[in-house]
Each structure stands twice: as C-alpha cells, then as structure tokens.
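Enquirer: Numbering (the UniProt record's numbering), first residue to last: 1 to 542.
#1: Which complete alpha helix (DSSP H) runs does the UniProt domain "GPR180/TMEM145 transmembrane" (250-332) hold, if anything under 4 residues is left out?
#2: Alpha helix (DSSP H) containing residue 48: first to last residue?
#3: Secondary structure at residue 515, three-state DSSP: helix, strand or coil?
#4: Mark residue 451 as exposed unless 16 or more other C-beta atoms lie within 10 angstroms of its C-beta, in which case mark it buried.
#5: Exposed or buried, which one is residue 430 when buried takes at least 16 other CB atoms within 10 Å?
#6: Does the distance from the C-beta atom of residue 421 to that of residue 31 stay below 8 Å?
#7: Kindly give me the distance between the Cβ atoms of residue 446 and residue 328, rounded to whole angstroms, as I take these residues to be in contact under 8 Å.
#8: Please classify residue 104 as buried or exposed, where buried requires at least 16 neighbouring CB atoms within 10 angstroms.
#9: Since residue 52 and residue 221 should fall inside the 8 Å C-beta cutoff, what is the C-beta to C-beta distance between them, to a whole number of angstroms?
#10: Could you give the first and the last residue of the continuous beta strand (DSSP E) run that contains residue 171?
#11: Is residue 76 helix, strand or coil by DSSP?
#12: Go ahead and pull the three-state DSSP assignment for residue 536.
#13: Could you spell out where the alpha helix (DSSP H) holding residue 481 opens and where it closes?
#14: If we call anything under 8 Å between Cβ atoms a contact, is residue 240 one with residue 506?
#15: Is it right to say residue 398 is buried, meaning 16 or more other beta carbons lie within 10 angstroms of its own, or is it exposed?
#16: Taking only the alpha-carbon atoms, compute the straight-line gap between residue 354 and residue 330 and give it to the nearest angstrom.
#17: Any chance the region 298-312 sits against the region 269-279, with 3 or more Cβ pairs inside 8 Å?
#18: Are there three or more Cβ pairs, one per stretch, closer than 8 Å when the region 79-91 is compared with the region 22-31?
#19: Pick out the complete beta strand (DSSP E) segments inside the region 175-245, 3 residues or longer, and give them in chain order.
#20: DSSP three-state call for residue 521: helix, strand or coil?
#21: Could you work out which residue in 73, 116, 108 and 72 is closest to residue 91 when comparing CA atoms only?
#22: Out of 332, 483 and 107, which has the shortest C-alpha to C-alpha gap to residue 449?
#23: For a cutoff of 8 Å on Cβ pairs, would you count residue 324 as touching chain D?
#24: Under the rule that 16 or more other beta-carbon atoms within 10 Å means buried, what is residue 49, buried or exposed?
#25: In whole angstroms, what separates the C-alpha of residue 395 from that of residue 334?
#26: Can you give me the C-alpha to C-alpha distance between residue 543 and residue 238, rounded to a whole angstrom?
#27: Going by DSSP in three states, residue 128 sits in which element: helix, strand or coil?
#28: Quick one, which of 225, 132, 73 and 477 has its alpha-carbon nearest residue 336's?
#29: Could you tell me which residues DSSP pairs with residue 57 in its beta bridges?
#30: Exposed or buried, residue 233, counting other C-beta atoms within 10 Å across all chains shown (16 or more means buried)?
#31: Does the region 304-314 come within contact of the region 399-408, defined as at least 3 CB pairs closer than 8 Å?
#32: Based on Cα-Cα distance, which residue from 267, 94, 34 and 174 lies nearest to residue 527?
#33: Could you tell me how far apart the beta carbons of residue 120 and residue 75 are, in whole angstroms, since I believe they sit closer than 8 Å?
#34: When DSSP labels each residue in this structure, what does residue 121 get in the three-state scheme?
#35: Give the straight-line distance between the Cα atoms of residue 214 and residue 25, rounded to the nearest whole angstrom.
Okay, here's the thing in structure tokens:
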C-alpha cells in the first residue's frame, strides 16, 4: 500500500492552478492546465469573466533575469475545439527526413518545424497577431519570455494587463461554461515569413546559447477579476467543475463526525471485530474528508493548496471503502454479531445441538482480552460440539488486504495513467474501469455468500421470515439487507456510467462526488443502526 502511495506522490507533479515552473525549449511541448471558466453574466462582466495572467522571464546560471529579443516559445490558450489538433500533433512522433543533402541537425530542425506548422494550422485561422494576422478574431497567443522590464509583445493595450503582470488573457463566454487549455510550445512565428519555426533545436547555421536556457513562469487561472476575489472566495481560484465541492465535502464531513460520535457512544464496549471494522471505516472516511477539505480551503486562498495532503485524503477514502466492503462480506458470512456463528443462534433459538449447514465452521471472537462477553453462553451440549471452531483471521485479514491492495493499486495506476487533456476523470482510464469491475465482482461475491446460506437454511425447513434472525442477527430482514447493500455496491458503477454518458464534463465531477458520498454515508448509517439493534436485542452491554 505504501509503495503505491509514494509512487503516486512522486509521479503526480501537478500542484494546482497557480502555476509556478521552469521550462526550456528543449522540452518541446508542455501541457500546463485545463481550466473550466464559468458562463459570463452580461450584467456582471468583470466578476464573471475568466482571467489568465502572470509573468515570465529567462534565467541564466546565476538565476538573474535578463532581456531577450528573440522569443523562445509560445504560450497558447485554446478551447476544446482546438486543443485536440494541437495536442495530437505535439505528441505524435515525427521522423527526420532521410536525405543525403541534409545534415542530421537540418533534418531534425525541418521535422520539428513541420510539427509546429501542423500544430498551429487550425489555430492560425482564428488567432490574432499584430503583423501576420491583424484580422484574427481571438487573442490566443503570447510570445515567451516577455521582456523582464515590460509587457509581452502581443500586449498592445497596457490598460488591459492586470497589475504586476506581463500578460493577461480575458475569457468571455455568454452561452455556457467551457474548458480552456493552456500550453507552452517550443515554436515561434517568423516575423518576416509569418511561418512557424521550432526552437526545440537550433536552426542549422544559427547557433544560440539562449535556446539552452531555462524560462521561469508564474501563471494564475481564475474565475472573476482578481480584485474581486473576495466576491466569491470559494469559486475564484477553482475551475468550474470543482465549484461547490468544498461545501459538499465539508457538509459530508460534519455528518460523518456526528455518526462517529454516535457509533462510539453505542459501540465502545462492544468489542467484536465487526464493530472495530465499522469504526475503522468511519474514521478513515473522516480523515479522508478532513484532508480533502483542508486542501480545498488552502487552495481557495493560494491557488495551489496542499496537493500531497489531498492525495493522502483520497487514498484514505478508498481504504474506508475497502474496509467497508470487507465488513459487508464478513457480515454476510457470519452475521452482525460474530461472537458466535449462525449455528449458535440457531441452537439457542431451537434448543437443538445440530449446526446450520449454511454456516462456516468458525466464529469470530472478541478482539480485546478485557472486553465483556457479547453473546449469551451456549448450552453445555452445544459448547462441546463447537470446541473445534477456529478463528478465521486468515479469511478476514485476507479480504481486507485484498481490497486495500486493489483499491490502492488501481486508483494510483488510474491517476498516473490519466491523460491530462483527453481524460476528464480517472473513470475514463483502463484502471478506472477495473475499479468499477471490482465493485461488480464484490457484488456477485456478496450475493453468492447470501445465496449459499439461504439455500442451506431452506434444507432445515426454516420459515423465510426467520432467515434474517438466523443468518444475520435478531430483527434483521434478510431480503432488505441483501437488496440495500447490493444497491450500495452498484451505486458507484451506475452513477459513473450515467455521468459519463449523459452529464456534461463540467458537471460530472460534482454529480459523482455528491451522489456517491451521500450513498456511502447512508450505507454507513444503516449498518451502524443494524449493528446497534442487534447488540440491544442480545442485551450487549454498552
């Protein structure tokens, strides 16, 4: 588990939407961010427009910025209509031309220059440029780096540039929210020919030490004018698809804390393995929600947040789900009160000495030596027949370890494998689909256990109405238990399927978070209530 977590931490380097970094032309193409800008309100333009602004400078060995007259790259801001052409050509392999008349350097330069022209072929039809495209409709390009003492070359109106910035994009869409994509490209436009040329390698016959230098940048992407950030603090720094997520996580966190308090008050003396697993799942959920809430709160102020803390919170939530899944399988196997097997309850109920065929030959025992006995003492005859029962720690530890490993490994793999441009969530990736497949597999396993035990009960001619009492615990309806928790297991795949096929990507994240977090909390509440009821009926001390 720790190995996959730290692997994920080392690979995932995206810090947030206040972008501070270093780039050099030799890096070629760098995708910086995908940001959802809100719909512009005609009666409140300044507070609802999107803004991209910042600074850039060239670094030398002593880290002092200095002016450069020739740009090293281009900052590109485009919407979803143009990003695919830019991104596809940037990542597509190009091979140098085989020609006896060209040197290796010439072949590489020509191949990279051809890549640049393909990347900007569609963008050039709409992008404005002072000399090469003065009739362009959209302001999408900035030459990098800007002069260390002034504005970027494309900024012809200093009044439009935000204070302490060298460039400013203003995004306005009166129809709908939309994703915009920010990239740095090692391509520049030749001011004489107006053709794109690469800066990834030096042009043959022209050596430049500047191309090997690093370029430092600091870029902000926000919704609403920066001077009005207090107008809506919890949306200003956030991409549109994450608007209101802080409030959602905070609300669910408060509910989980209340449930934790109630569960501890009622179950703190009930030392069965199921009560401990339930409390562990609840606390893992609380920790995950708390860490995510802290990250989002900090993010609302600095645009970066605490990314590593958020990642650990995400894994904590995944571990909570894994423990709860194991808890449901264990409950289906031995009932809510595993201090004795289903056979013990059947013997106590009918005063017989035979074992229920659908029950395992084991029973969980109290996990603390000082805990009070949670079940009434069986008869001497039955005690003799059950002395051979063994603790099933291998089964319990095995399923917990299996689920923890699968949830952690697949989620880390999905986060690493996720394409930042094409994939809007981890559920678009292969490991994300495998995570959903695991849920289906666990649901079938859950049904198989209940079916086997129900068929075994039928052989004893027991009343169907008594199935829950015998197999799960006193006062538990067998059919309702199976239906409810089966629905909970399948809620994540169902919601993801509906969201991916019918919900806009700008609303998808909030939809999945809201529905699944609510379903997880309701499932935890139901299980807690059922466990407390079983303890009360069996006069378990609280």
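Just so you know, even glycine gets a beta-carbon here, dropped at the ideal spot from N, CA and C.
Expert: According to the data block:
#1: Whole alpha helix (DSSP H) segments, 4+ residues: 273-302.
#2: Residues 45-48.
#3: It is helical.
#4: Answer is exposed; the Cβ neighbour count stays below 16.
#5: Around the CB of residue 430, fewer than 16 other CB atoms lie within 10 Å, so the residue is classed as exposed.
#6: Their beta carbons are under 8 Å apart, which means residue 421 touches residue 31 by this criterion.
#7: Beta-carbon to beta-carbon, residue 446 and residue 328 are separated by about 6 Å, close enough to satisfy the 8 Å threshold.
#8: Residue 104 is exposed by the Cβ-count criterion.
#9: About 5 Å separates the beta carbons of residue 52 and residue 221, which is inside the 8 Å limit, making them a contact pair.
#10: Judged by DSSP secondary structure, residue 171 falls within the beta strand (DSSP E) whose first and last residues are 167-171.
#11: Here residue 76 sits in strand by DSSP.
#12: In the three-state reduction of the DSSP assignment, residue 536 falls in the helix class.
#13: The continuous alpha helix (DSSP H) containing residue 481 extends over residues 478-502.
#14: Result yes, Cβ atoms of residue 240 and residue 506 sit closer than 8 Å.
#15: So residue 398 ends up on the exposed side.
#16: Low local confidence applies: a pLDDT of 35 at residue 354 is under 50, so the model's placement there is unreliable, and no value is given.
#17: Touching, no, given that fewer than three Cβ pairs across the two stretches are closer than 8 Å.
#18: Per the Cβ contact rule, the region 79-91 is in contact with the region 22-31 (3 or more Cβ pairs under 8 Å).
#19: Listed in chain order, the complete beta strand (DSSP E) runs (minimum 3 residues) inside the region 175-245 are 178-185, 187-189, 196-198 and 214-223.
#20: Looking at residue 521 - three-state DSSP - the assignment turns out to be helix.
#21: The shortest Cα separation from residue 91 among 73, 116, 108 and 72 belongs to 116.
#22: When each option's Cα is compared against that of residue 449, the closest is 332.
#23: Annotation note: the requested chain D is absent from the structure, which comprises a single protein chain.
#24: It counts as buried.
#25: Taking the straight line from one Cα to the other gives about 12 Å.
#26: A question about residue 543 goes unanswered here, because the residues of the chain that appear run from 1 up to 542.
#27: DSSP places residue 128 outside both helix and strand once states are collapsed to three, so it counts as coil.
#28: Among 225, 132, 73 and 477, the Cα nearest to that of residue 336 belongs to 477.
#29: Residue 57 is bridged to 216.
#30: Residue 233 comes out exposed.
#31: Too few Cβ pairs lie closer than 8 Å, so no.
#32: Closest by alpha carbon: 267.
#33: Contact doesn't hold; Cβ gap of about 13 Å is too wide.
#34: Note: residue 121 maps to coil in three-state DSSP.
#35: Spanning the two alpha carbons is a distance of roughly 8 Å.
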